[in-house]
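J.:
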Amino acid sequence: VVSPHFPFTPIKPNIFIIERASLEIAKIGKTYQLLNSDEHSNFLKENGLNPPDYRPDIAHQVMQLVKNPVPSFPNNALYVKTEKGVLFEVKPHVRIPRTFKRFAGIMLQLLQKLSITAVGKREKLLRVIRNPVTQYLPIDCRKIGFSHSSEKLVDIQDYVNGVNNDTNLVYVVGAMTHGNIDKDYVEDYLSISYYPLSAAYCISMITNAVERKWKIL
């Protein structure tokens, strides 16, 4: 039985690439930790680093929105690239921890061991993969980046509605505190608001637009 609220047209996988994620580990005292501005401000300053740049909570928020949506998006594909250039894949059915402490623990394990394996199984839920990210994308996909500085201001709902249902869209969003994503593989840069948006709010607008296009209520 098909739910009356579920679209009859098959939904293409939603592919998200999170660029410039602040996910960096360092040895502090006797243990390795995921650096963040709240807990490690003194350590960062002592090493000539700018504490406000170390915001793994931004990546946490964005990854939660992509991977913990309504059940309509079980096939979301997610790739994350850190400021240091480490690229990792999050499997479609993985749910991101809701608490930052648990998230930080998983990221620490991933960046040290290069993969996270399901308990009692050999399946890798998260794994570090080789660059470039483009080798993992569908051949016919359209790669779009989001930047407030783009001169191409669009209504994201109109944009998503206007894309052919057979087209794979790849959404590229930055998870840094300031600056822009500047990647050669991005085919088009869009601005979706007159105002600067947080990465999380940008992702929310995208997923909401996709839900409305497919009439997921």
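Numbering (this note's numbering), first residue to last: 734 to 950. The beta carbon of each residue, even a glycine, is placed where N, CA and C say it ideally should be. The structure displayed is predicted, hence computed values, not measured ones.
1. Rounded to the nearest angstrom, what separates residue 776 and residue 876 at their Cα positions?
2. Alpha carbon to alpha carbon, what distance is there between residue 758 and residue 919?
3. Could you spell out the range, first to last residue, of the beta strand (DSSP E) harbouring residue 878?
4. Can you tell me which of the three DSSP states residue 869 falls into?
5. If residue 935 and residue 925 are in contact, beta carbons under 8 Å, what's the gap, nearest whole angstrom?
6. Helix, strand or coil for residue 957 per DSSP?
7. Specify the secondary structure class of residue 924 as computed by DSSP and reduced to three states.
8. Which residues bound the beta strand (DSSP E) around residue 857?
9. Got a sec? Which residues, its chain only, sit under 8 Å from residue 783 by beta carbon, not counting five neighbours each side?
10. What is the rounded straight-line gap between the Cα of residue 905 and the Cα of residue 878?
11. I'd like the list of long-range same chain contacts for residue 849, defined as Cβ closer than 8 Å, with 5 residues on each side in sequence excluded.
12. So, with DSSP's three-state summary, where would you put residue 907?
13. Which of helix, strand or coil does DSSP assign to residue 737?
14. Can you tell me where the alpha helix (DSSP H) holding residue 779 begins and where it ends?
15. Closest to residue 880 by CA distance: which of 922, 846, 854, 901 is it?
16. Give the single residue among 907, 845, 773, 940 whose Cα lies nearest to the Cα of residue 812.
17. Roughly how many angstroms separate the alpha carbons of residue 893 and residue 774, rounded to a whole number?
18. With H, G and I counted as helix, E and B as strand and the rest as coil, what does DSSP make of residue 751?
19. Give a yes or no on whether the C-beta atoms belonging to residue 870 and residue 903 are separated by under 8 Å.
20. For the alpha helix (DSSP H) that contains residue 940, what are its first and last residues?
21. Identify every run of the beta strand (DSSP E) within the stretch 813–844, keeping only runs that are complete inside it and at least 3 residues long; order them along the chain.
22. How many Å lie between residue 791 and residue 884 at the Cα?
23. Since residue 823 and residue 800 are thought to touch, with beta carbons under 8 Å apart, how far apart are those beta carbons, to the nearest angstrom?
T.: Here's the rundown:
1. Distance between the alpha carbons of residue 776 and residue 876 is about 38 Å.
2. A straight-line Cα-Cα distance of about 28 Å links residue 919 and residue 758.
3. Run containing residue 878: 875–879, per the beta strand (DSSP E) assignment.
4. If DSSP states are grouped into helix, strand and coil, residue 869 belongs with the helices.
5. Contact holds; Cβ gap of about 7 Å.
6. Given that the chain is displayed from residue 734 to residue 950, the structure contains no residue 957 and the question cannot be resolved.
7. The three-state secondary structure of residue 924, taken from DSSP, is strand.
8. Its beta strand (DSSP E) spans residues 857–862.
9. The answer, listed in chain order, is 777.
10. Going from the Cα of residue 905 to the Cα of residue 878 covers about 5 Å.
11. Only 839, 842, 843, 857, 858, 859, 860 meet the Cβ criterion.
12. DSSP places residue 907 in strand when its eight states are reduced to three.
13. Because the pLDDT at residue 737 is just 49, under 50, the model does not fix this residue reliably, and the value given afterwards should be weighed accordingly. The answer is coil: DSSP assigns residue 737 none of H, G, I, E or B.
14. Residue 779 -> alpha helix (DSSP H) spans 774–779.
15. Distance from the Cα of residue 880 is smallest, within the candidate group 922, 846, 854, 901, for 922.
16. Of 907, 845, 773, 940, the residue nearest in Cα terms is 907.
17. Here the alpha carbons of residue 774 and residue 893 stand approximately 41 Å from one another.
18. In the three-state reduction of the DSSP assignment, residue 751 falls in the strand class, which pools E and B.
19. Result yes, Cβ atoms of residue 870 and residue 903 sit closer than 8 Å.
20. From DSSP, the alpha helix (DSSP H) with residue 940 extends over 932–946.
21. Complete beta strand (DSSP E) runs here, min 3: 820–823.
22. C-alpha of residue 791 to C-alpha of residue 884: approximately 25 Å in a straight line.
23. Cβ-Cβ separation between residue 823 and residue 800: approximately 6 Å, consistent with a contact (criterion under 8 Å).
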